[in-house]
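Student: In case it helps, our numbering puts the sequence shown at residues 820 to 1372.
The C-beta atom is built at its ideal place from N, Cα and C for all residues, glycine as well.
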Amino acid sequence: MWHYGADPRADEGGRSGPAQFGAGRPGELVSRPVAPAATIPGVVERAAGDHAGRRALVEGNLVVTFDELLGVVRDAAKAMIANGVRTGDRVALWAPNTVQWAVASLAVLFAGGWVVPVNTRSTPAEVAELVVRARCRLVLAEGNFMGRSLAREASGIAGEADVVCLGEADGPELLTWPAFVASAGRVSSLELDGRLGVLSPDDVSHVQYTSGTTGLPKGVMLCHRAMVETTRTWAGVVGLVAGDRYPVVSPFSHISGHKTGLLACLTAGAQALPVLKLDLDRFEQMVADYHVTVVQGPPTLFDALVEQVRDGSAAYGSLRAGVTGAAVIPPGLVRDMKDVLGLDVVVTAYGLTECTGVCTMTRPGDPVEVVAETSGRPIPGVEVDIIDESGSSVSRGTRGQIAVRGVGVMRGYLDDANADQEDRGDGWLATGDVGWVGGDGNLRIVDRLKDMVVVGGFNVYPAEVERVLLEHEAVSQVAVVGLPDERMGEVPAAFVVARHSVPESALVDFCRERLATFKVPRSLWLVDRLPLNESGKVSKAELRAEGVRLARR
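1) Tell me where the alpha helix (DSSP H) around Tyr1380 begins and ends.
2) Have a look at Ser924 and Val934 and give me their C-alpha separation to the nearest angstrom.
3) Would you give the residue range spanned by the beta strand (DSSP E) that Thr1089 belongs to?
4) Determine, using beta carbons only, whether Phe1329 and Leu1362 come nearer to each other than 8 Å.
5) Which residues does DSSP list as the beta-bridge partners of Asp1204?
6) Measuring alpha carbon to alpha carbon, tell me which of Arg940, Leu1082 and Cys1174 ends up nearest Leu876.
7) Would you check if the distance between the CB atom of Ala977 and the CB atom of Val1000 is smaller than 8 Å?
8) Please go through the same chain and pick out, in chain order, the residues whose beta-carbon is closer than 7 Å to the beta-carbon of Gln1027, but skip the five residues on each side of it.
9) Starting from Ala901 and walking both ways along the alpha helix (DSSP H), at which residues does that stretch end?
10) Can you tell me which of the three DSSP states Val1135 falls into?
11) Consult DSSP for Ile976 and reduce its assignment to one of helix, strand or coil.
12) Where does the unbroken alpha helix (DSSP H) through Val1125 begin, and where does it stop?
13) DSSP three-state call for Pro1281: helix, strand or coil?
14) What residues are listed by DSSP as bridge partners for Phe964?
15) Kindly indicate the opening and closing residues of the beta strand (DSSP E) around Leu876.
16) With DSSP as the reference, identify every bridge partner of Pro1311, one or two as the case may be.
17) Give me the residue from Val1223, Asp1185 and Asn963 with the minimum Cα distance to Val1201.
18) Beta strand (DSSP E) containing Ser1342: first to last residue?
19) Would you mind working out which of Val1177, Ala1335, Asp1155 and His1291 sits nearest Glu1188, comparing C-alpha positions?
20) Do Val1203 and Arg1044 come within 8 Å of each other at the CB atom, strictly closer than that value?
21) From the DSSP output, read off the bridge partner residues of Leu912.
22) Do Gly1058 and the ligand COA come close, with the Cβ less than 7 Å from some heavy atom?
23) Per DSSP, Lys1037 forms a beta bridge with which residues?
24) Say whether the segment 1293 to 1309 touches the segment 1054 to 1073, bearing in mind that this needs 3 or more beta-carbon pairs closer than 8 Å, one atom from each stretch.
25) Among Pro1070, Arg1005 and Arg1230, which residue has its Cα nearest to the Cα of Ser941?
26) Identify, in the order they occur along the chain, each residue of the same chain with its Cβ nearer than 7 Å to the Cβ of Ala1317, setting aside the five sequence neighbours on each side.
27) When the distance is taken between beta carbons, is Tyr1232 closer than 8 Å to Lys1037?
28) How many Å lie between Trp1053 and Ala1089 at the Cα?
29) How is Ser1209 classed by DSSP in three states: helix, strand or coil?
30) What is the C-beta distance between Arg1218 and Trp1255, in whole angstroms, given that I count them as a contact (C-beta under 8 Å)?
31) Which whole-angstrom value describes the C-beta separation of Val1321 and Arg1331, a residue pair presumed to lie in contact below a C-beta threshold of 8 Å?
32) Could you tell me how far apart the beta carbons of Phe929 and Leu1015 are, in whole angstroms, since I believe they sit closer than 8 Å?
33) To the nearest angstrom, report how far apart Val1272 and Glu961 are at their CA atoms.
34) Give me the Cα-Cα distance between Val1017 and Ser1212, rounded to the nearest whole angstrom.
35) For Glu972 and Leu993, I'd like the C-alpha separation in whole angstroms.
36) Would you mind reading off the limits of the beta strand (DSSP E) that contains Ala953?
As structure tokens, then:
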């Protein structure tokens, strides 16, 4: 069973020896791995044997070891099967970072299903669209989070999908997770092992929705092999090892949360500490209490940690490695991460959801300038090319669109065949990002062809926000751009041409009702017209410059 009340900060003695895989009910053991190695269930099985007794997940006073994790995941997977989840069925997971999220998502994969992660900031309208488009069989939603009952909201918009309440339920009519898992006894271990035995590394594991240039979210289909192999490489470059303590700050709904966070810990035998909601004071205490060794997060997080140390904090002496990205990093921050935070390893990376989150990485020992000014070299199994408008390769040092080929490239988009045209053939995927490769082999990112705005590590596509604003009856034209922000890196701002008089605040409120908070424009200006370039398209460069000017007023 899971441990409650034990001191999670105490030293642990991971034991080794013949693999014994607890399968949930007392006395039931699995003596050998069942799932293929290059699948996520295979990773969990092997971790249970290699790191039996070592802590896998710690959340407050809740401690779960690797072998215990396998047991509760197997039981939950049997419950999935008992409740009608078939191989290839999609299950939406709408919840914050908790042990429960980890168990539920792994159980979906053990049952042969596909996980559809959903951001907790999403509105019911956004979730309803994803659940219908993905044809989800189940929706697993948190009962009480930041004043919202996601489970109750889901029950009103899930359509034909059943809803299971994770965590605290606020009504007897909601099916709770314990009641759901109680049905596991209707399914035998042999039936579950049968599912695991036929699972292929090339089967889809996740449908990761990301906004597209049309404004409609696109369901990126990612496979087990891509998840496992790129995660193993990522952990190897970072130096993540058994016994490391790693707080997962990124939401589990994001690929950097459930993959380079949770799955990386399972791969390396490290201890994952789910962070429910980032609060810098609580984070500082967590680092001190748990002797945290590895942190991944946006540059804004490391900026804040540096300031805490300069203000006298002694909490970060245990940190060894830091991983960041999502923005160009000033060389001064890289130096501060090394000199002020005392990190031995500072790594930056470039990736996108369509390539399973990581394509290139800097390496430990790279000079400060390389870490700050580049996104590193391709990871093993990945090729990077720079192409011109015709799709032909350009010479080194020449700017062009970044194309990627390798193990991480997605299977395709779930329900958008036209979007698959981004694949240029022969396994190459045109990313939509502009960059160049120098003589040192390191990739430099120049711009985003798709005008994506990165808000505190979250991706926002202007077209999605524009689509929502155009639904308002007063809006005739709209353009959304990203503006610099000291705290978040970038924030969205909107320029609107209105048909008649309308308060700017009313348009912002209109967005707030339909979009996650981080997508809502922080500034919105009514204008007489939008500037056009020579080809008749909106000149977003002019709008960005104007936005910066207006924001300074």
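Tutor: In short, the structure shows the following:
1) Not covered by the structure: residue 1380. The range shown for the chain is 820 to 1372.
2) Straight-line spacing of the CA atoms in Ser924 and Val934 works out to 6 Å.
3) According to the sequence provided, residue 1089 is Ala. The question's Thr does not apply to it. From DSSP, Ala1089 is part of no beta strand (DSSP E); its letter is neither H nor E.
4) For Phe1329 and Leu1362, no; Cβs fall outside 8 Å.
5) In the DSSP assignment, Asp1204 forms a beta bridge with Ala1222.
6) Out of Arg940, Leu1082 and Cys1174, Leu1082 has the C-alpha closest to the C-alpha of Leu876.
7) Val1000 sits away from Ala977, with the two beta carbons spaced by 8 Å or more.
8) Correct list, in chain order: Pro936, Val1039, Leu1041, Ile1074 and Thr1172.
9) Counting along the chain, the alpha helix (DSSP H) containing Ala901 begins and ends at Phe885 to Ala901.
10) In the sequence as displayed, the identity of residue 1135 is Tyr instead of Val. Residue state for Tyr1135 is assigned as helix, using DSSP reduced to three classes.
11) In the structure shown, Ile976 sits in coil (DSSP, three-state: anything other than H, G, I, E or B).
12) Looking at the DSSP string, the run of the alpha helix (DSSP H) that includes Val1125 is Pro1118 to Arg1129.
13) It is helical.
14) Phe964 has Arg967 as its beta-bridge partners, per DSSP.
15) Bounds of the beta strand (DSSP E) holding Leu876 are Arg874 to Glu878.
16) Pro1311 pairs with Gly1301.
17) Residue Val1223 is the option with its Cα nearest to Val1201.
18) Segment Ser1342 to Leu1345, the beta strand (DSSP E) holding Ser1342.
19) Taking Glu1188 as reference, the option from Val1177, Ala1335, Asp1155 and His1291 with the minimal CA-CA separation is Asp1155.
20) Pairing Arg1044 with Val1203 gives a Cβ-Cβ distance that is not under 8 Å.
21) Leu912 has Pro936 and Leu959 as its beta-bridge partners, per DSSP.
22) As presented, the structure is devoid of all ligands, the ligand COA included, so that no description of it is given.
23) Note: Lys1037 sits in a beta bridge opposite Thr1029.
24) No contact exists between the segment 1293 to 1309 and the segment 1054 to 1073.
25) For Ser941, the nearest C-alpha among the options comes from Pro1070.
26) Non-local C-beta neighbours of Ala1317 in its own chain, meaning closer than 7 Å and more than five positions away in sequence, comprise Ala1293, Val1294, Ser1295 and Leu1345, ordered along the chain.
27) Remark: C-beta atoms of Lys1037 and Tyr1232 approach each other more closely than 8 Å.
28) In this structure, the alpha-carbon of Trp1053 lies about 14 Å from that of Ala1089.
29) If DSSP states are grouped into helix, strand and coil, Ser1209 belongs with coil.
30) Cβ-Cβ separation between Arg1218 and Trp1255: approximately 5 Å, consistent with a contact (criterion under 8 Å).
31) For a cut-off of 8 Å, the C-beta gap from Val1321 to Arg1331 is around 15 Å, too long to register as a contact.
32) Cβ-Cβ separation between Phe929 and Leu1015: approximately 7 Å, consistent with a contact (criterion under 8 Å).
33) Approximately 28 Å between the Cα atoms of the pair.
34) Going by the C-alpha atoms only, they are around 40 Å apart.
35) If I take the Cα positions, the gap works out to 11 Å.
36) Where Ala953 is concerned, there is no enclosing beta strand (DSSP E), although the alpha helix (DSSP H) around it starts and stops at Pro943 to Ala953.
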